[in-house]
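Using our numbering, the first residue of the sequence shown is number 2, and each one after it goes up by one. Following: one structure in structure tokens, then a few remarks.
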Amino acid sequence: MRYYRSIALAAALTLPLSLGCEPAAVDNAADAVREQSQQEAEDVRDASQIEAEQVRSTSEKDIFGQAENDAVEATADAIEDQGERKADAIEDAGEREADAIEDAGTP
2 MRYYRSIALA
12 AALTLPLSLG
22 CEPAAVDNAA
32 DAVREQSQQE
42 AEDVRDASQI
52 EAEQVRSTSE
62 KDIFGQAEND
72 AVEATADAIE
82 DQGERKADAI
92 EDAGEREADA
102 IEDAGTP
């Protein structure tokens, strides 16, 4: 008798956990949109970093890796800032799209 009570208690405690294990198709679709936008944003950030480093390489660098020519450094910083803003916009758009998918309830 005691053995059966233990099994029933264990089943009762784990049932709510097993019911919520599988994310819905809507959640999967929203997560896919988020991941895609985050990857795209990361690619934009990387590209702007590479471009900024190429601009910096046209000038001598100080010990901190910054261009010694202020105009070159300002241009490189502007490229990085523009890339960061574009990446943030991509992430925000992806988040809005994912939220819309979740709110609509259809993948």
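Glycine included, each C-beta is placed from N, C-alpha and C at the ideal position.
What does a CB cutoff of less than 8 Å around residue i pick up in its chain, not counting 5 residues either side in sequence?
i	result
Asp129	Outside the displayed range of the chain (2 to 108) lies residue 129, so it cannot be described from this structure.
Asp63	Glu69
Asp100	Ala31
Gln40	none
Going by other Cβ atoms of all chains shown within 10 Å of its Cβ, with 16 needed for buried, is residue i buried or exposed?
i	result
Ile51	exposed
Ala42	buried
Ser58	exposed
Gly106	exposed
Ala26	exposed
Cys22	Unreliable placement is indicated for Cys22, whose pLDDT of 47 sits below 50; the coordinate value is still reported in the next sentence. It is exposed - the Cβ of Cys22 has fewer than 16 other Cβ atoms within 10 Å.
Over what stretch of residues does the alpha helix (DSSP H) that includes residue i continue unbroken?
i	result
Ala25	Element bounds for Ala25: n/a, residue is neither H nor E.
Lys62	Taken as a continuous stretch (DSSP letters only), Lys62 belongs to no alpha helix (DSSP H), as it is neither H nor E.
Gly95	71-105
Could you give the C-beta distance for residue i and residue j, rounded to a whole number, given that I count them as a contact under 8 Å?
i	j	result
Ala30	Ile91	About 18 Å separates the two Cβ atoms, so there is no contact after all.
Looking at the ligand NAD, does it come within less than 7 Å of residue i, judged from the CB to the closest heavy atom?
i	result
Glu54	Within the structure as shown, the ligand NAD is missing, as the structure has no ligands at all.
Tell me which residues share the same chain as residue i and place their Cβ nearer than 7 Å to its Cβ, disregarding the 5 neighbours each side in the sequence.
i	result
Gln37	Gly95
Arg46	Gly84, Glu85, Ala88
Spatial neighbours of residue i within its chain, please: CB distance less than 6 Å, with the 5 preceding and 5 following residues excluded, ordered by chain position.
i	result
Ser141	Within the shown structure, residues of the chain are numbered from 2 to 108, placing residue 141 beyond reach of any answer.
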